[in-house]
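Residue numbers (the working numbering), protein chains in the order written: chain A, 18 to 722; chain B, -17 to 350. All residues carry an ideal CB built from backbone N, CA and C; glycine is no exception. Bear in mind that the values here come from a model prediction, so they are computed numbers and not experimental data.
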Amino acid sequence: MAFVILMIAFSAIIIRLAYVQLVNGEELQAKAESLRTRELSVAAKRGTIYDRNGKKLAISLSADSIYAAPTEVLASGEADATAEKLASILGMDKETILAKITKNSSFEWIKRKVDFAKSQEIEDADMPGIKIIEETQRFYPKGSLAAHILGFAGIDNQGLEGLEIAKDDVLSGTAGSIVTEYDAKGIEIPQAVKEYNPPTDGNSIVLTIDETIQYFAERELDNLMTSEYPPASASILIMNPKTGEILAMANRPTYDPNDYQNYDNSTRRNKAVVDTYEPGSTFKIITASTAYDSGVVSLSDHFYCKGYYSIGSKRIKCWRSYRPHGDQIFAQTMQNSCNPSLVQVGLRIEAKEEGLFYDYIRNFGYGKPTGVELAGEAAGIMIPEEKLSDLNIGTISIGQGISVTPLQMVSAVSAVVNGGNLLKPQIIKRIVDNDGNVIRDFQVKEVRRVISEDSSSVMRDILESVVAEGTGRQAYVEGYRVGGKTGTAQKAGKGGYLPGKYVASFIGVAPCDDPQITVLVMIDEPSGPLYQGGQVAAPVAKVVIEDTLRYLGVVSQLSNLEDNKIRGNTVAKKIAVPNVINLTAEEAEKVLAIAGLTSEIKDGSNIVTSQTPAGSTMVETGSRVILRTGNTTVGGTDQITMPDLTGKRVREVAELLGAMGLKLKSSGTGIATEQLPIPGTKVKRGDIVEVIFNPETESVETSGP
Amino acid sequence: MLVKRGKIDYWTFLVVLVLLGIGLVMVLSASQYFAQNKPYEDSFYFLKAQAKNAILGIVVMVLAMNINYQKYRKLVWPALIGAFLLMMLIALTSLGSSAKGAEQWLDLGFVRFQPSEIMKIALVLFLAKSLSERREMLSSFSKGFLPYLALIGVVCVAVALQDLGTAMVIAGTAFIMLYCSGTRPAHLMMLVGAGIAFFVFMVMLEPYRMNRLLGFMDPWSDPLGTGYQTIQSLLAIGSGGFTGVGLGAGGAKWLYLPERHTDFIFAVMAEETGLLGGAFLILLFMFFAWRGFNIAMKVQDSFGSLLAAGITIMISLQAFINIGIAVGALPVTGITLPFISYGGTSLVISLAAVGVLLNISRFAGMDR
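This is the structure in structure tokens:
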């Protein structure tokens, strides 16, 4: 009986043993292992960030870090000597080190990412419990170039800003580990198996950014910030309108990601993406596109500017209300950046169908983030549609009362000129692994069609005319068909617009027949006497556009200067060919150039004896006139034909008459309305020509917002 | 009385040698990390010491195997009194050298041992003789049961003051021996009641015992205090799984598991050899118990029979309690695993007892 009880007791214990080992085993084993093992993480090498041509913008270098296993230091009994030696090698305080290496812990950093020479010295010194581990350190070889795009990574190689944080999962890889076993007193078990799990290095990112174009943008911003009148901040954004690829994105103020700790947070804002602004007149591109695409205006429609436009009791003033634009056709309203006209255009859209304007605005991508692969993108601010008044429609038409990001602006204008498709802005071209295999290729992503091909083509012509004829003149690059629009928006603050604070911008497209780049230059709070987009932003854009087009190898269209669109009004304007017979070859060329024509001289003698087409023939601007020359005048020195001067400005008239050797006697200002002798009269060199100018008539303004 | 002397029970002999061998391997495995550090600085320190103990124990066992157990009848009183005096000596003098928890060692300069271990076998011897001679009086409470109860009670208290684990083994062994020799079950139930009362008293005397008790019931409630030993034992055993992590490859011996080569050596074995090894060891003890009870049943002489049963119970019960503690089924008390744990007195006494058991087996006609 006693035996049976004993056997049962023993059997019960076997069952209990089996329960502990088989049922609880896994859990207990995990606990036991975590109790005696400590995992030392081995950082993965962070992926490289390249520009589109494979130039390295962010790389990872290896660096040695020094740590202590305090339990081992204490066991050795040499803590004091060790601290002293370390202090002298690392140039640190001995007491600080001593405190660290005698701490009640099994792992303590002493100094991270030290010079190789120092880590070598420490390795040679072979101090008990003092160990070296290889880590990687982020380095940005180009300094602050593209700093806002790249962002930076912290001491643990964790992404903190920019792409480094937005694409941390791609770049960081997976950390490996060294698992080491320790006894209950914290001493590393020498005979224990160390487990080494190698880290998986991060993938690399190839940006759409072109380092060289980025440099152009950075350089121009630097020039701007170091100029006599530096603005508060500024951004330049360059996009390929056909792909949505961002080629450059730069902001001022900026910082050096290698030394990010020493810069104020405000310098790290990627204003092109995270900040919004009221676009002002640049937004008229959207208004005009919408109007044309929805059929509420045609190119021949006339708009009258009396200096303001009333909506209810409110007046929206024209920027040139002191000298109203008067009657303009549609393209001219854009060239003049005429507020009352564009307000009328905007109201026409809304009159056609309520909500139509907002639909277009939203279709252009406003009011929500573009989805670019960058952190912290802003959505922009739009007045809620249900609260939208006619006055709001009016102000939005001229770019006030809507807040957008620079990126939204560039992406919308790219859609206007690329044939009408809104594309998702791309900052990443592809993601590649360590062996160069493409993990992901970012394709052109069409968001939606916004306007028709035809509307897009018309808009390109209109934008080109703004640069050729209108307010964007300062962005004109000789030899290239640049289009664009200026903008000068008052900055809103608490309780209204801030006096004297503006955002001046220029958004440009080039070349207009086949757009390769969309460029936005945004200057926040320009200081000094000039503040208009056409004055401060357009000249910056001109340099950037010129350098970028040359760099991209876009063929200069210098030889196509005669193309009617270069100088003339895009709305195919016919002019009468001046009669240049009996002028010198040099004079004739000048006269023809002033008239917007080109010339080709045959023979090479001094006096023009005949011309084709003949004087008074109606041709398109930019047409070529072939001149034949001889050494004698045809029919004497009084055989110069008086040109038609009406419609020309004072300076033009003076220039033209000067070129023909005639003298001007003028009266009045504005444009020429009457002349004596009348056109076609034969005159002699040195004759006096009387011209009456009249300010009442419409004129084309040459500078403005 | 004159039964012809036969052969010893080789199965018992063999199982003890196997246990001894396993013990040496496990002592080495459990102690080598501890031993390689100061002050020993010799991985084999405990193995060597235990091997000496084993050799001494085998010599004693072989001697005892060949000494007619009847001769011990005369030793009963001297052994009991001697053991009692030694225990007094420990309690009253400073000769007791302190080991963990309780003073239980007697250091005579040339040899250091635990008198409680001697008391254990002395009481078994006494009970075997006395019960076999007074069988007819056992049914009486006052003349039969009470004197034994008094004696056992005094012995257990004396032992328990120094070594609760051994006291429990003694009490359990005595209880079963009384039962085997025909004591009335009602009396035994009273004894159980008395035992519980005694245990409560002991707990009140030394509060740390209460903590051990609580620690056993929910070790995770105080993982660094009372539950520490049980938790570490369970972590080790659990890590073993079915086949174990491999001999020498266990992690518990890296000073996590206390008493790793003595009281908790079973946990080391279960970790390194898994359920296979752990269950095999328990089966060996079960086999040993089976052979021991067989000898006790077959011996005609009632003194021999009771002595064999007492020795078998003493060893099996100790194994049961030790393993029960290791698997968290019993509260923690310091008690060694017979033949396996490191420790001279325990091993030599156990082997001596087995020697006596083997001598009895010569008269059991096991081959019949």
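Output needed for residue i: all residues of its chain with C-beta closer than 8 Å, excluding positions within five of it in sequence on either side, in chain order.
i	result
residue 69/B	97, 98, 101, 140, 141 and 144
residue 438/A	432, 463, 464, 465, 466 and 467
residue 286/A	165, 268 and 292
residue 25/A	none
residue 715/A	Low local confidence applies: a pLDDT of 35 at residue 715/A is under 50, so the model's placement there is unreliable, with the coordinate-based value given in what follows. Correct list, in chain order: 342, 343, 344 and 345.
residue 641/A	579, 614, 615, 616 and 617
Can you list the residues of chain A that residue i reaches, using a CB-CB cut of under 8 Å?
i	result
residue -7/B	The premise fails here: residue -7/B is roughly 16 Å from chain A at the closest Cβ pair, so nothing lies under 8 Å.
residue 267/B	27
residue 305/B	30 and 34
residue 264/B	27, 30, 31 and 34
residue 221/B	42, 45, 46, 49 and 50
Residues of chain A with CB closer than 7 Å to the CB of residue i, please, in chain order.
i	result
residue 162/B	19
residue 7/B	In chain order: nothing, as chain A lies at least about 18 Å away.
residue 178/B	Going along chain A, no residue has its Cβ under 7 Å from residue 178/B, so there is no contact; the nearest lies around 18 Å.
residue 256/B	38
Apart from the five residues on each side of it in sequence, which residues of its chain come closer than 7 Å, Cβ to Cβ, to residue i?
i	result
residue 125/A	84, 85, 87, 117 and 118
residue 182/A	168, 176 and 392
residue 267/B	298 and 301
residue 8/B	247, 250, 251 and 322
Return the chain-ordered list of same chain residues with a C-beta closer than 6 Å to the C-beta of residue i, the five sequence neighbours on each side being excluded.
i	result
residue 676/A	604, 607 and 608
residue 588/A	For residue 588/A, the predicted model reports a pLDDT of 44, less than 50, meaning its position is unreliable and no value from the coordinates is stated.
residue -7/B	273
residue 335/B	103 and 293
residue 240/B	211
residue 578/A	Bear in mind that the predicted position of residue 578/A carries a pLDDT of just 37, short of 50, making it unreliable; the figure below should be weighed with that in mind. If we look at residue 578/A and ignore the five residues flanking it on each side, it has no Cβ neighbours.
residue 79/A	151 and 153
residue 326/A	333, 357 and 360
residue 28/A	none
residue 409/B	In this structure chain B extends from -17 to 350, so residue 409/B is not present and cannot be described.
residue 718/A	Its pLDDT being 29, under 50, residue 718/A is placed unreliably by the model, and the measurement read from it follows with that caveat. Excluding sequence neighbours, residue 718/A sits near 353.
Find the residues of chain B that neighbour residue i, judging by a C-beta separation of less than 8 Å, and give them in chain order.
i	result
residue 198/A	233 and 236
Name the DSSP beta bridge partners of residue i, please?
i	result
residue 320/A	345/A
residue 507/A	519/A
residue 593/A	635/A
residue 422/A	Per DSSP, none; premise fails for residue 422/A.
residue 325/A	334/A
residue 267/A	253/A
residue 666/A	688/A
residue 217/A	191/A
Should residue i be listed as close to the ligand MN, given that the test is whether its C-beta is under 7 Å from any heavy atom?
i	result
residue 349/A	Ligands displayed in this structure: none; no statement on the ligand MN is therefore possible.
Just curious, the alpha helix (DSSP H) that residue i is in, first and last residue?
i	result
residue 161/B	146 to 162
residue 556/A	555 to 568
residue 639/A	No alpha helix (DSSP H) holds residue 639/A; DSSP gives it neither H nor E.
residue 541/A	It is not in any alpha helix (DSSP H) - residue 541/A instead sits in the beta strand (DSSP E) that spans 534 to 541.
residue 278/A	Premise fails: residue 278/A is in no alpha helix (DSSP H) and is neither H nor E.
residue 233/A	228 to 242
residue 36/A	Here residue 36/A belongs to no alpha helix (DSSP H), and DSSP marks it neither H nor E.
Would you kindly report the start and end of the unbroken beta strand (DSSP E) that includes residue i?
i	result
residue 194/A	193 to 198
residue 626/A	624 to 629
residue 54/A	54 to 59
residue 153/A	147 to 156
residue 616/A	615 to 619
Can you list the residues of chain A that residue i reaches, using a CB-CB cut of under 9 Å?
i	result
residue 137/B	Under the 9 Å cutoff, chain A gives no residues; its nearest Cβ is about 20 Å from residue 137/B.
Could you tell me which chain B residues have their CB closer than 7 Å to the CB of residue i, listed as they occur along the chain?
i	result
residue 206/A	236
residue 91/A	Going along chain B, no residue has its Cβ under 7 Å from residue 91/A, so there is no contact; the nearest lies around 14 Å.
Taking only runs of the beta strand (DSSP E) that begin and end inside the region 85 to 135 of chain A, which ones reach a length of at least 3 residues, in chain order? Listed in chain order, the beta strand (DSSP E) runs fully inside the region 85 to 135 of chain A are 125 to 131, counting runs of at least 3 residues.
Complete beta strand (DSSP E) runs within the region 219 to 283 of chain B (minimum length 3 residues, chain order): Listed in chain order, there is nothing to give.
Can you list, in chain order, the stretches of the beta strand (DSSP E) that have 3 or more residues and sit fully within the region 675 to 710 of chain A? Here the runs fully enclosed are 680 to 684 and 688 to 693.
Please list the residues of the region 106 to 131 of chain A that have a C-beta atom closer than 7 Å to any C-beta atom in chain D, keeping them in chain order. You won't find chain D in this structure, because its protein chains are A and B.
In chain order, what are the residue ranges of uninterrupted beta strand (DSSP E) at least 3 long that sit wholly in the region 406 to 478 of chain A? Counting whole runs of 3 or more residues, the region 406 to 478 of chain A contains the beta strand (DSSP E) stretches 438 to 440, 445 to 449, 455 to 458 and 463 to 466.
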